[in-house]
Ligand SMILES: Cc1cc2nc3c(=O)[nH]c(=O)nc-3n(C[C@H](O)[C@H](O)[C@H](O)COP(=O)(O)O)c2cc1C
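Residue numbers (my numbering): 511 to 852.
Structure follows, in structure tokens:
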């Protein structure tokens, strides 16, 4: 129904306006008695074969909602009823910020792709915490970043601040140094600054009563040497894992001549699927599977998700596929995982 009826109508309108409308609509609908119950009944798949235990956390299933969809933790409870095993909120920065000027979100329909240059628009960490205080059993990842106005040599303070503030409310952390839409952010993926940030977060973590997993979210545009350095660093520091990958600035996998491909920003969806899988394969081989990988990038079918797991991912996440395929994609993937394990 989504692909035949709902998507064609939604896709007539501006993507960011549709996103805001969907948030409003879902929040409103879930106030109606039984809607939550019905949505859960339709979309949730429960089975012991889906459960994953990682970092001492029990995930009901391995399919997560990727960062950027519910940046401000406005809708994570309702979204969890669509069958996700976990939801990553953010990217959150210490202070609220508006992000880049609109228009900043584009669809390339014929490629099943999105280009975004949102620029970490978010309400800031204090606002997000308010909504996380009533979180129940849903597994939440806190994706953290730096404010645009914070120079890279002070970035460490922003990551530390977000980490400490969110610590009581999230189950794991994703350190985002890989968005192409905050100027120079991706330079923080270089060995030296990256090590500084990660060591600092690991130190903060070790002072807590019970530490929480910290994962690094990386770009698909890193070359083999950069990836190798990152894998070595993760192993040396005993970081908990990698999220691969964020969006890409590379447009070479877009076949159509649609001029939207020239828009600045990060590309997501089908065109980044192969590259994201290559990155996952490289990391799992190089690290000899020493740490878990969350695989994300271009999952639009159950087969895509299964192949990402085969490439080395322990968990997967979806963003663009959720927009193009609709919420039934999550159950389809979970069903296929059960089939493959039976
Ligand atoms: C509109 C949009 C906003 C995003 N915002 C963030 C973000 O704030 N932080 C982040 O780490 N990733 C962000 N992402 C990247 C996704 O989390 C994901 O890594 C990427 O889109 C690849 O997955 P996909 O092909 O399933 O969309 C965003 C993606 C999109 C499409």
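Ideal Cβ placement from N, Cα and C applies to all residues, glycine included.
- Straight-line measurement puts the Cα of residue 779 at about 16 angstroms from the Cα of residue 843.
- DSSP places residue 555 outside any beta strand (DSSP E), giving it a letter other than H or E.
- In the displayed model, residue 547 falls within a helix according to three-state DSSP.
- Fewer than three beta-carbon pairs drawn from the region 663 to 676 and the region 610 to 617 are found closer than 8 angstroms, and the two stretches are therefore not classed as touching.
- Residue 682 has 651 as its beta-bridge partners, per DSSP.
- A distance below 7 angstroms between beta-carbons, with the five flanking residues on each side excluded, links residue 580 to the following residues of its chain, in chain order: 586, 589, 597 and 599.
- When distances are taken from the beta-carbon of residue 630 to the heavy atoms of ligand 1, the shortest one is below 7 angstroms.
- Residue 828 is positioned such that its CB atom lies closer than 8 angstroms to that of residue 573.
- A distance criterion of 7 angstroms places the beta-carbon of residue 806 in contact range of ligand 1, judged by its closest non-hydrogen atom.
- Under the three-state reduction of DSSP output, residue 773 falls in the coil class, being neither helix nor strand.
- Of the heavy atoms belonging to ligand 1, none sits nearer than 7 angstroms to the Cβ of residue 567.
- Partner residues in the beta bridge of residue 616, as assigned by DSSP, are 625.
- Counting along the chain, residue 576 sits inside no beta strand (DSSP E), nor does DSSP assign it H or E at all.
- Across the structure, residue 742 and residue 697 are spaced so that their CA atoms are roughly 18 angstroms apart.
- The C-beta distance from residue 790 to residue 803 rounds to 6 angstroms, short enough to fall under 8 angstroms.
- One thing to note: residue 675 has its Cβ no nearer than 8 angstroms to the Cβ of residue 709.
- Distance from the C-beta of residue 624 to the nearest heavy atom of ligand 1 is below 7 angstroms.
- Under DSSP, residue 537 takes part in no beta bridge, so it has no partner.
- For residue 632, the three-state secondary structure derived from DSSP is strand.
- In this structure, DSSP gives residue 831 a helical state, which the three-state scheme calls helix.
- By the criterion of a C-beta distance shorter than 6 angstroms, residue 545 is surrounded in its chain by 539, once the five residues flanking it on both sides are discounted.
- Proximity to residue 623 across 831, 851 and 662 peaks at 831, based on C-alpha coordinates.
- Annotation for residue 660 indicates a beta carbon at 7 angstroms or more from all heavy atoms of ligand 1.
- Residue pairing for residue 734: DSSP places it in no beta bridge.
- In terms of Cα proximity to residue 678, the closest of 691, 734, 651 and 692 is 651.
- Contact annotation: the region 819 to 827 does not touch the region 758 to 775, with fewer than three C-beta pairs closer than 8 angstroms.
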